[in-house]
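For reference, the structure is listed below as structure tokens.
Protein chains: 2
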Amino acid sequence: MCVMAALRRGRPSRPVLSVAGIHAAALELVDEQGAAALTMGRLAERLGVQAASLYHHVVDKASVWEGIRRLVVAEMDWSAFADRPWDLALGVWARSYRAAFIRHVNTMPVLYTAPVAEPLTYQMYQVVCVGLAEGGWPETSLAEVLSAVEYLIAGSVLDHEALGEMFGRAAEMGAPLLAASIRSRSQVVVADRAFDLALDGLLIGLRAELARLQP
Amino acid sequence: MCVMAALRRGRPSRPVLSVAGIHAAALELVDEQGAAALTMGRLAERLGVQAASLYHHVVDKASVWEGIRRLVVAEMDWSAFADRPWDLALGVWARSYRAAFIRHVNTMPVLYTAPVAEPLTYQMYQVVCVGLAEGGWPETSLAEVLSAVEYLIAGSVLDHEALGEMFGRAAEMGAPLLAASIRSRSQVVVADRAFDLALDGLLIGLRAELARLQP
DNA sequence: ACCTGAACACCGTTCAAGT
DNA sequence: ACCTGAACACCGTTCAAGT
Numbered sequence: 019m020c021v022m023a024a025l026r027r028g029r030p031s032r033p034v035l036s037v038a039g040i041h042a043a044a045l046e047l048v049d050e051q052g053a054a055a056l057t058m059g060r061l062a063e064r065l066g067v068q069a070a071s072l073y074h075h076v077v078d079k080a081s082v083w084e085g086i087r088r089l090v091v092a093e094m095d096w097s098a099f100a101d102r103p104w105d106l107a108l109g110v111w112a113r114s115y116r117a118a119f120i121r122h123v124n125t126m127p128v129l130y131t132a133p134v135a136e137p138l139t140y141q142m143y144q145v146v147c148v149g150l151a152e153g154g155w156p157e158t159s160l161a162e163v164l165s166a167v168e169y170l171i172a173g174s175v176l177d178h179e180a181l182g183e184m185f186g187r188a189a190e191m192g193a194p195l196l197a198a199s200i201r202s203r204s205q206v207v208v209a210d211r212a213f214d215l216a217l218d219g220l221l222i223g224l225r226a227e228l229a230r231l232q233p
Numbered sequence: 019m020c021v022m023a024a025l026r027r028g029r030p031s032r033p034v035l036s037v038a039g040i041h042a043a044a045l046e047l048v049d050e051q052g053a054a055a056l057t058m059g060r061l062a063e064r065l066g067v068q069a070a071s072l073y074h075h076v077v078d079k080a081s082v083w084e085g086i087r088r089l090v091v092a093e094m095d096w097s098a099f100a101d102r103p104w105d106l107a108l109g110v111w112a113r114s115y116r117a118a119f120i121r122h123v124n125t126m127p128v129l130y131t132a133p134v135a136e137p138l139t140y141q142m143y144q145v146v147c148v149g150l151a152e153g154g155w156p157e158t159s160l161a162e163v164l165s166a167v168e169y170l171i172a173g174s175v176l177d178h179e180a181l182g183e184m185f186g187r188a189a190e191m192g193a194p195l196l197a198a199s200i201r202s203r204s205q206v207v208v209a210d211r212a213f214d215l216a217l218d219g220l221l222i223g224l225r226a227e228l229a230r231l232q233p
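Given below as structure tokens:
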């Protein structure tokens, strides 16, 4: 935290805001305080500025969320699709995808439901789709393979990070077994191993399905 | 739609609102216009009443969402856990769970991320957990079995209903393969069959895992 | 071009006034 | 007890005024 002089009325001698800085501050805010804490007012406050000033750099709040999406996607690794077999590359991508969302769980409710309007994200999907297609997958199956992987990840991340919060009132509200199970399950290692198992299982299933599709 | 006389200032001779009526109207609103359309103002309007009046019956907006959760959960079928083997009951429950959320897709973003504070939902989980435990599953695995099933469902429902909206700009933003795949995949029947296959696969995996756990 | 301050419509919520 | 109308703090967004 730095103390900053209040800005005077007119244009500052050097710009105090930038698109990248706004997006970075927004992600920080969401990481620290959750998706609901991201308001234009609080984001501006964190940047030492008025809410209205943000609109000189971003068109609206939805575009701030797409900036956040870019930062999270940029942490993923889809490079293996360039030169490795599709199943191996899919495994590398899925693990990095999961790791990125574990670092930024609070972004999930929004990023998993808002329409994607962010070029880097589409670039990533294009590379993944090309890799799968070159691996022999028919066009009609690509979207389904992707959603299978993505929602396995979503489930795993929420299981890893949010299950306790989601079902926090299980004990007092008539679900003692669920409460006990969540309590006893709480080591991170378990969730990680469960993901590895589930991903390996999915990859086995996908290889079998592909063999069935192209005899 | 019925034309209603504007209400006068004081207490009406017969109550015009009820908790059940508010929850039902809220679910209708979300089904028709999406989660963002649920505001206390628009909900009140639909009920022919002022927003402030709602607070005589519900404590806050979050409790309205929990009322919606109850209505969706009430459409699910967990009766088979009473007298059928755990894997069969899990299959029946999962299919009814999926069908309920397909009828109410717009509720998913909120219901899947907001903490559960609704007794019927916990009752359902308790019955499911008891059924699994009686089937031989150790307490430590219950939460993971549940999340595996739930996120398979989430993935399938979003694939079924929302993939086109989510990736609507794929074609113009550099992901032509993804766009083509979503277009070519669009028959509902495919998504249904894919879910049946995936669920059967998951059940096979779970039976194997249970056998490994209790030799 | 890039900031402020004031304004707008809307949001969830509270509460005194009225029957 | 149960509705209205007025009020509150907050929200996203616009825009004229200022440098």
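Here the protein sequences come in this chain order: A and B.
Per the working numbering, the very first residue in the first sequence carries number 19; after that it's consecutive.
Per the working numbering, the very first residue in the second sequence carries number 19; after that it's consecutive.
The beta carbon of each residue, even a glycine, is placed where N, CA and C say it ideally should be.
None of these values were measured; they are calculated from a predicted model.
Could you give the C-beta distance for residue i and residue j, rounded to a whole number, given that I count them as a contact under 8 Å?
i	j	result
residue 87 of chain B	residue 131 of chain B	Not confirmed; about 12 Å, so no contact.
residue 162 of chain B	residue 212 of chain A	6 Å
residue 56 of chain B	residue 65 of chain B	Actually they do not touch by this definition, with Cβ atoms about 13 Å apart.
residue 123 of chain A	residue 179 of chain A	4 Å
residue 69 of chain B	residue 62 of chain B	4 Å
residue 189 of chain B	residue 197 of chain B	4 Å
residue 58 of chain B	residue 79 of chain B	6 Å
residue 147 of chain A	residue 202 of chain B	Not really, about 12 Å apart at Cβ, beyond 8 Å.
residue 125 of chain A	residue 90 of chain A	6 Å
If you measure between the beta carbons of residue i and residue j, is that distance less than 8 Å?
i	j	result
residue 99 of chain B	residue 175 of chain B	no
residue 216 of chain A	residue 170 of chain A	yes
residue 15 of chain A	residue 193 of chain B	Outside the displayed span of chain A (19 to 233) sits residue 15 of chain A, for which this structure offers no information.
residue 149 of chain A	residue 107 of chain A	yes
residue 187 of chain A	residue 135 of chain B	yes
residue 220 of chain A	residue 165 of chain B	no
residue 76 of chain B	residue 112 of chain B	no
residue 153 of chain A	residue 103 of chain A	yes
residue 35 of chain A	residue 81 of chain A	no
residue 137 of chain B	residue 184 of chain A	no
residue 25 of chain A	residue 157 of chain B	no
residue 172 of chain A	residue 172 of chain B	yes
residue 133 of chain B	residue 127 of chain A	no
residue 96 of chain A	residue 145 of chain A	yes
Can you give me the start and stop residues for the alpha helix (DSSP H) that residue i sits inside?
i	result
residue 116 of chain A	104-121
residue 41 of chain B	37-51
residue 88 of chain A	79-91
residue 60 of chain B	58-64
residue 139 of chain B	137-152
residue 31 of chain A	Residue 31 of chain A -> no alpha helix (DSSP H), and no H or E assigned at all.
residue 126 of chain A	126-129
residue 71 of chain B	69-72
Which runs of the alpha helix (DSSP H) spanning at least 4 residues fall entirely within the region 173-218 of chain A, listed in chain order? Listed in chain order, the complete alpha helix (DSSP H) runs (minimum 4 residues) inside the region 173-218 of chain A are 181-184 and 194-202.
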